[in-house]
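Numbering (my numbering), first residue to last: 53 to 239. Virtual Cβ for every residue (Gly too), placed ideally from N, Cα, C. Treat the numbers as computed from the prediction; the structure is a model and nothing was measured.
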């Protein structure tokens with residue numbers, strides 16, 4: 053099996069306006085829906101253990117997210133963007149970017165709903181709206197960090213992914229956790 057970095061590089065190539073593969077991107081975006089996810093399978097099969105529902109769901113989410121984000125947003129995603137808590141905070145605050153407890157509070161119910169998800173498959177179903185909103189508003193998403201966070205979603209050791217997301221959402225600190233680097237070295 054190939055790595056997540058290789059898949060993301062392939063999606064980045066497909067995003068090239070001159071030599072890209074718009075069909076591949078369209079098929080991967082269909083991975084955001086359970087009804088149409090099978091269109092993305094041919095592109096994921098070399099990377100993902102398709103017979104494992106949890107892994108298939110994670111890889112579908114990440115590939116769809118990468119295909120949905122504008123190429124410049126995907127290219128800038130990575131170290132320094134932060135985990136999904138940072139992305140959700142930026143979505144909540146909107147274009148003003150200034151701290152607004154009212155803006156955070158109005159978005160808080162949606163954020164808390166994500167935190168209540170127990171299974172990886174459940175959180176992935178709820179993330180499709182977040183990915184679409186981030187793409188529409190030009191908010192970068194670190195899809196590689198999201199991949200590693202989803203891999204660890206159901207683990208109980210401290211600090212959990214939920215706690216790290218909550219910390220960055222409510223504090224505004226960019227999560228510089230290199231958790232993905234440890235996992236990446238193993239794959």
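Asked	Found
Hey, residue 71 and residue 119: beta-carbon distance below 7 Å or not?	no
Residues in the same chain with beta-carbon distance under 7 Å from residue 172, minus the five sequence neighbours each way, listed in chain order, please.	106, 109, 110, 202, 205, 206
Which first and last residues belong to the alpha helix (DSSP H) in which residue 221 is found?	213 to 223
Closest by CA to residue 215, which one among 145, 116, 136?	136
Taking the straight line between their C-alpha atoms, what separation do you get for residue 103 and residue 154?	44 Å
What does a CB cutoff of less than 7 Å around residue 76 pick up in its chain, not counting 5 residues either side in sequence?	66, 95
Express the C-alpha separation of residue 90 and residue 234 in angstroms, rounding to a whole number.	Here the model assigns residue 234 a pLDDT of 43, short of 50, so the residue's position is not dependable, and the following value carries that caveat. Roughly 31 Å separates the two Cα atoms.
For residue 146 versus residue 115, is the C-beta distance shorter than 7 Å?	no
Taking only runs of the alpha helix (DSSP H) that begin and end inside the stretch 161 to 216, which ones reach a length of at least 4 residues, in chain order?	172 to 189, 195 to 203
In the DSSP assignment, the alpha helix (DSSP H) including residue 113 goes from what residue to what residue?	105 to 120
Can you look up residue 139 in the DSSP assignment and give me helix, strand or coil?	helix
If you compare alpha carbons, which of 196, 60, 164, 78 is closest to residue 219?	164
According to DSSP, simplified to helix, strand and coil, what is residue 71?	coil
Under a Cβ-count criterion, where at least 16 other Cβ atoms within 10 Å of its own Cβ denotes burial, should residue 68 be classed as buried or exposed?	exposed
For residue 86, which three-state DSSP category applies?	coil
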